[in-house]
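Visitor: Chains as they are written, first to last, in the numbering used here: chain A, 1 to 173; chain B, 174 to 743. We put the beta carbon where it would ideally sit given N, CA and C, even for glycine. Sharing a structure, written as structure tokens. Questions coming.
Below, the structure written as structure tokens:
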């Protein structure tokens with residue numbers, strides 16, 4: 001009985017999810033109206049950057065998981081204009097560095113070249129570029145760890161735990 | 174109103190009107206309709222139907238495009254709502270936007286509001302501790318506010334009544350200062366919380382650590398299944414609305430229950446302007462409503478009126494109910510309407526770490542936490558401040574991931590969860606003393622978008638609150654240190670009053686009509702067919718999360734109202 005009630009409730013709720021009514025989605029409409037912060041080329045560089053920070057191994061990297069888009073969305077919608085300017089200028093500077101050092105855009109640079117550029121930025125003395133890298137790295141970690149792929153396949157998020165045990169051995173998993 | 178014909182007036186006449194559909198209004202509606210009264214429930218916001226209108230309830234974390242953070246445009250436009258811990262991407266649609274209902278802050282006050290059917294019962298923290306006799310006796314013993322006209326014995330059966338229906342998890346702890354209720358199976362305290370409980374009980378015979386009593390169904394009874402509610406699934410995303418009805422809300426419980434009787438008419442988008450007073454009959458005859466969509470004004474009539482608009486809005490409605498008999502607000506012969514507003518002091522918190530039980534952790538999630546009942550000044554005055562505080566307490570095993578470097582090493586670090594120490598934390602819930610100088614009133618010039626006077630709020634902390642914060646930090650830090658917790662730190666967040674969302678008073682209960690608004694059955698002394706049973710009625714605040722007490726007072730007042738109606742006394 002109890003289970004049936006629950007299943008029925010779930011089915012109804014699933015139905016409700018399919019389309020968000022205006023009063024629910026109205027809160028984030030601003031996103032759509034503002035346009036994109038970065039150009040297509042800059043977006044490509046950002047994707048290359050997040051993929052360098054969390055690369056493909058035997059599992060997908062942050063680039064493939066769309067984390068570049070997440071980083072851009074967060075900075076566009078949730079961060080102030082200073083952070084937005086930092087993202088834009090940081091990407092331009094990174095690209096200039098790449099052209100100077102390797103004669104090609106960051107988007108076309110090799111994996112090792114990209115890593116070298118980011119590591120140099122991390123160790124360098126330009127506070128603005130370091131802050132830019134720190135912001136992108138933090139958002140990359142957030143976007144990757146909260147991606148559907150990682151939460152489903154790697155960290156096994158439980159939507160409905162249906163339990164709380166106050167004291168279990170750490171080894172349980 | 175001359176152009177309304179008699180039929181139209183008849184169609185707008187009910188046995189009872191309930192203003193508000195939140196936690197107390199839902200209870201008033203349920204009890205009135207169950208007793209056979211044709212009841213109109215007025216709600217200023219839109220309808221929110223159980224499950225159907227919980228758009229985010231089954232969304233996975235990655236489906237929130239900002240991962241629960243709200244866009245800057247929204248937080249900038251809503252600084253008040255944004256200071257509420259629960260205002261986020263998954264729940265923002267259940268909060269009133271700041272500009273929807275402006276008010277005047279004579280002192281900083283965060284007025285957190287939920288304008289929809291169900292009100293804030295969708296968003297509440299679900300903690301449901303009973304008051305004890307020591308709480309009700311406070312004002313009389315310590316000579317502040319006025320004496321409560323009721324004591325624990327008056328309300329105890331009504332606590333039982335509402336607990337059985339709402340579904341309250343808890344442990345029968347047998348503590349004199351925090352009476353046991355009708356409990357479903359308790360949640361677990363975890364190993365560090367149990368350890369702290371033992372440590373504290375070794376040091377102090379009058380200090381207890383217990384699992385919170387909370388409105389979650391841990392062990393469904395027939396009465397819960399009859400409501401279409403099921404066992405709590407420990408999702409701990411309650412603020413989105415629960416498709417299982419695992420926690421109590423008006424939406425999952427009292428409102429559909431009242432609807433099922435066939436006696437309820439629910440009218441959303443109905444902003445109450447005032448209560449209409451009939452000079453000839455010397456009682457209230459109805460309620461004046463502004464339709465939120467059309468801005469049209471219309472009157473509804475009833476024999477009895479329950480005011481459950483949430484504490485400050487109930488004050489606003491009474492203040493705006495002006496007649497030749499009551500030029501200063503309905504029932505306000507005493508002049509105390511709007512005054513003696515109080516709240517809960519949530520400013521301080523304490524954190525620490527524990528290095529024991531490192532081979533243990535917790536499993537699953539818990540929609541509840543530990544609780545420390547008030548131990549200060551309970552049996553006698555023992556400090557240089559009045560009253561005391563309860564506190565939340567919880568422990569969690571810390572986990573972390575290495576975030577060093579970039580590339581494959583970073584990725585490997587992120588995917589390997591490591592265990593740290595246990596983190597422990599507590600926050601205070603202090604009683605504040607109602608004072609005449611903490612008040613709300615109608616602003617003389619500012620109007621809201623409906624043309625209603627804006628509410629002016631002048632509520633602040635006082636010296637008693639500051640001393641209490643200091644004592645809480647000293648006492649609970651000491652309890653932490655005695656338990657061997659390390660890195661113990663205290664924090665005063667200086668949050669504004671109101672951010673606790675436990676604002677109370679302004680229409681207080683009392684024995685004497687000269688110094689109070691309501692009698693022992695929540696009736697206006699001077700207008701007996703109007704009942705106020707939400708936070709506005711509170712004579713003092715004590716320390717417990719107040720909703721359970723509002724539910725019990727509402728059910729008790731309805732019982733009295735219907736008896737009085739039958740005896741033709743109203």
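1) Is there a C-beta anywhere in chain A that falls below 8 Å from the one on residue 245/B?
2) How is residue 566/B classed by DSSP in three states: helix, strand or coil?
3) If we ignore side chains and look at the alpha-carbon of each, how far apart do residue 284/B and residue 487/B end up?
4) Which residue comes first and which comes last in the alpha helix (DSSP H) that contains residue 331/B?
5) Would a check of beta-carbon distances place residue 23/A closer than 8 Å to chain B?
6) Between 195/B, 460/B, 203/B, 376/B, which lies nearest to residue 221/B when the distance is taken from Cα to Cα?
7) So is residue 91/A buried or exposed if we call it buried at 16+ other beta carbons inside 10 Å?
8) Touch check for the region 140 to 156 of chain A and the region 50 to 64 of chain A: three-plus C-beta pairs under 8 Å?
9) Compare the Cα-Cα distances from residue 240/B to each of 38/A, 75/A, 170/A and report the closest residue.
10) Could you check whether residue 368/B and residue 529/B sit closer than 8 Å to each other, using their CB atoms as the reference points?
11) Spell out whether any CB of chain A is found under 8 Å from the CB atom of residue 344/B.
12) Using the C-alpha atoms, what's the distance from residue 335/B back to residue 394/B?
13) Among 124/A, 63/A, 81/A, 89/A, whose alpha-carbon lies nearest the alpha-carbon of residue 39/A?
14) Residue 293/B: which of 314/B, 266/B, 273/B sits nearest, CA to CA?
15) Based on the DSSP secondary-structure assignment, which residues constitute the bridge partners of residue 703/B?
16) Where residue 63/A and residue 244/B are concerned, what is the direct C-alpha to C-alpha distance, given to the nearest angstrom?
17) Buried or exposed for residue 170/A, please, with buried defined as at least 16 other CB atoms from any protein chain shown within 10 angstroms of its CB.
18) Would residue 565/B pass as a contact of residue 550/B if the rule is Cβ separation under 8 Å?
19) Write down every uninterrupted run of the alpha helix (DSSP H) in the region 539 to 621 of chain B whose length is 4 residues or greater and which is fully enclosed by it, in chain order.
20) Residues of the region 59 to 77 of chain A with a CB closer than 7 Å to any CB of chain B: list them in chain order, please.
21) Indicate the three-state DSSP secondary structure (helix, strand or coil) for residue 211/B in the structure shown.
22) Report yes or no: is there a C-beta of chain D within less than 8 Å of the C-beta of residue 148/A?
23) Can you check whether the C-beta of residue 126/A is within less than 8 Å of a C-beta belonging to chain B?
24) What are the residues that DSSP puts in a beta bridge with residue 629/B?
25) Should residue 586/B and residue 575/B be called a contact, given that it needs their Cβ atoms to be closer than 8 Å?
26) Return the residue from the list 526/B, 631/B, 415/B, 640/B that minimises the CA-CA distance to residue 610/B.
27) Please identify, using Cβ separations under 8 Å, the residues of the region 97 to 111 of chain A that lie next to chain B, in order along the chain.
28) Let me see if you follow: with CB-CB separation under 8 Å, is residue 407/B close to chain A or not?
29) Taking only beta-carbon atoms, is residue 581/B less than 8 Å away from chain A?
30) Residues in the same chain with beta-carbon distance under 7 Å from residue 359/B, minus the five sequence neighbours each way, listed in chain order, please.
31) Give me the Cβ distance between residue 157/A and residue 540/B, rounded to the nearest whole Å; I'm assuming they're in contact under 8 Å.
32) Take the Cβ of residue 663/B as the centre, count every other Cβ of all protein chains shown within 10 Å, and call the residue buried at 16 or more, exposed below.
33) Counting Cβ pairs, one atom from each stretch, are 3 or more of them under 8 Å apart for the region 437 to 451 of chain B and the region 207 to 221 of chain B?
34) For residue 537/B, list the residues DSSP reports as bridge partners.
35) Can you pull the DSSP bridge partners for residue 472/B?
36) Using the DSSP secondary-structure output, state which residues sit across from residue 351/B in a beta bridge.
Guide: Here's the rundown:
1) yes
2) strand
3) 14 Å
4) 325 to 339
5) Unreliable placement is indicated for residue 23/A, whose pLDDT of 47 sits below 50; no coordinate value is reported for it.
6) 195/B
7) buried
8) yes
9) 75/A
10) yes
11) no
12) 14 Å
13) 89/A
14) 266/B
15) 478/B
16) 23 Å
17) exposed
18) no
19) 581 to 588
20) 73, 74, 77
21) coil
22) In the structure shown, chain D cannot be found, because the protein chains are A and B.
23) no
24) 277/B, 614/B
25) yes
26) 631/B
27) none
28) yes
29) yes
30) 342, 343, 344, 384
31) With a Cβ gap of about 17 Å, residue 157/A and residue 540/B do not count as contacting.
32) buried
33) yes
34) 164/A
35) 461/B
36) 348/B
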